[in-house]
Structure formats: structure tokens, C-alpha cells
């Protein structure tokens, strides 16, 4: 596929030059590698309606820590007299 694109690009570029059109070579975009962040380990929105059953423990731990989802339930007992 790449060879076919190249084979087509050369005659088109020559035709453009013959017609007096400026041909500017394509340059790839610059990627700021320092600004890149890796994707999260787990998607905390997938299968959330059944997280207690479907998520693994590491998935629950990650989502609880990073998104506040999938955390274990806590109960508060109050003492009355």
C-alpha cells in the first residue's frame, strides 16, 4: 500500500511542478514526548453497575484510590443512650 501511494505521489508531484505549483514535502507532526501521559491502568466506568462482582481486587483498589469508585462500603455506628 505504501509503495502504491509513493508510485502515485511522484507523478502527481512532477505534474504539479510542471504546472508551476509549489510542492511542499510532507513532514510528520511534532509530538511532545514529555507531555505524554500513559493511559490509566483500569477504566473505572466500565461495568460500574456490577463492580462488586465483575472487577478484580486490583481494579477495585485502583479505582477507589484514583476515581473514588469501587470503594468498600463503610458503616458508621452511633451509640444512643
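In this note's numbering, the protein residues as written are 338 to 418.
We treat Cβ as the ideally placed atom computed from N, Cα and C, and that holds for glycine.
Only a predicted model underlies this, so the values are computations on that prediction, with no experimental measurement involved.
Nearest-angstrom Cβ-Cβ length linking residue i and residue j, presumed shorter than 8 Å
i	j	result
residue 379	residue 399	5 Å
The alpha helix (DSSP H) enclosing residue i, as first and last residue numbers
i	result
residue 402	394-404
residue 389	388-391
CB contact below 9 Å: residue i versus chain B
i	result
residue 390	No chain B appears in this structure, which consists of one protein chain only.
Discussion item. Any contact between the region 363-381 and the region 391-411? By contact I mean 3 or more CB pairs, one from each, below 8 Å.
Written reply: At 8 Å Cβ cutoff, the stretches touch.
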